[in-house]
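Peer 1: Per full-length UniProt numbering, residue 1 is the first one in the sequence shown, and the count goes up by one each step.
Note that CB positions come from ideal geometry on N, CA and C, so glycine has one too.
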Amino acid sequence: MTVTLLHEAPNVSSLKPRHVQKDTALLISPPLAGHEGPIFGDLSVCEDQFYFYSESAKSGIAVQYPDIIIHAISRQDGQPNIYCQLDAGLFFPNQQLPEDEQELDETVTELRLIPKDSGALEGIYMAMSECAALHPDEEFMAEQEAYGEEEYYADPSDEMELNEMQQAALAHLESVFEPPTTNGHKFDDIEEDQ
Numbered sequence: 001m002t003v004t005l006l007h008e009a010p011n012v013s014s015l016k017p018r019h020v021q022k023d024t025a026l027l028i029s030p031p032l033a034g035h036e037g038p039i040f041g042d043l044s045v046c047e048d049q050f051y052f053y054s055e056s057a058k059s060g061i062a063v064q065y066p067d068i069i070i071h072a073i074s075r076q077d078g079q080p081n082i083y084c085q086l087d088a089g090l091f092f093p094n095q096q097l098p099e100d101e102q103e104l105d106e107t108v109t110e111l112r113l114i115p116k117d118s119g120a121l122e123g124i125y126m127a128m129s130e131c132a133a134l135h136p137d138e139e140f141m142a143e144q145e146a147y148g149e150e151e152y153y154a155d156p157s158d159e160m161e162l163n164e165m166q167q168a169a170l171a172h173l174e175s176v177f178e179p180p181t182t183n184g185h186k187f188d189d190i191e192e193d194q
């Protein structure tokens, strides 16, 4: 699997687009060389991969769905966006990566797609989910077949069952995602009130 830098706009008409969103900002962490802040351009969620291209920056990215280990609607820092985390060890060729090997091992690439029209988030998310379902992770599926009928369960709320890296990842995800709300109340608050 690869993540790709684009140097020209993709011809999405031939790539079976499911959703195209103009006026979208892209934040990559760790950042690409020469792009400390957001890159503004167009997002195209196509069946094989998603594309982001900035005409003003004359650059963009393409990402295959199996390379995305999580995508979700996030409202971190009050800014609604699509949050994506890439599989461990996947980086763009010109990302500013730590030189320390241990720090590099702990670094993951995160993408934030921030459409100018925040009402488009659900459409982007649904299109990405549909396309991801078209491309299941073959390695994961092979592992599942190898286990056969055996089932293994872990209680994700029991942090003692998580190793140090998994605990750090859980803490990070908890800081990124905000629980859904109903009439201004978080679901946890609603359960406590009843």
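Residues in its own chain within less than 8 angstroms of residue 73 by CB, not counting five upstream and five downstream?
Peer 2: So the qualifying residues of the chain are 80, 81, 82, 83, 121, 122, 125.
Peer 1: Please confirm whether residue 19 and residue 44 have their CB atoms less than 9 angstroms apart.
Peer 2: Cβ distance < 9 angstroms, so residue 19 and residue 44 count as in contact.
Peer 1: Among 88, 66, 52, which residue has its Cα nearest to the Cα of residue 103?
Peer 2: With distances taken between Cα atoms, residue 103 lies closest to 88.
Peer 1: Determine the direct distance from the alpha carbon of residue 170 to that of residue 59, and round the result to whole angstroms.
Peer 2: Approximately 33 angstroms, taken between the alpha carbons.
Peer 1: Counting along the chain, where does the beta strand (DSSP E) carrying residue 105 start and finish?
Peer 2: Residue 105 -> not in any beta strand (DSSP E); alpha helix (DSSP H) instead, spanning 101–105.
Peer 1: Between which two residues does the beta strand (DSSP E) containing residue 83 stretch?
Peer 2: Where residue 83 is concerned, the enclosing beta strand (DSSP E) stretches over 81–86.
Peer 1: If we require 3 or more residues per run, which beta strand (DSSP E) segments fall completely within the stretch 113–140?
Peer 2: Runs of the beta strand (DSSP E) inside the stretch 113–140: none found.
Peer 1: What would DSSP say about residue 29, mapped onto helix, strand or coil?
Peer 2: Strand, per DSSP.
Peer 1: Which residue marks the beginning of the alpha helix (DSSP H) containing residue 176, and which one marks its end?
Peer 2: Residue 176 -> alpha helix (DSSP H) spans 164–176.
Peer 1: Have a look at residue 7 and residue 48 and give me their C-alpha separation to the nearest angstrom.
Peer 2: Cα to Cα, residue 7 sits roughly 19 angstroms from residue 48.
Peer 1: Would you call the CB atoms of residue 107 and residue 31 closer than 9 angstroms?
Peer 2: No, Cβ-Cβ distance for residue 107 and residue 31 is not below 9 angstroms.
Peer 1: Give the DSSP-derived three-state secondary structure of residue 93 in the structure shown.
Peer 2: DSSP places residue 93 in coil when its eight states are reduced to three.
Peer 1: So, is residue 192 buried or exposed, given that buried needs 16 or more other C-beta atoms within 10 angstroms?
Peer 2: Any answer about residue 192 is weak, because its pLDDT of 47 lies below 50 and its placement is not dependable; what the coordinates show is given next. So residue 192 ends up on the exposed side.
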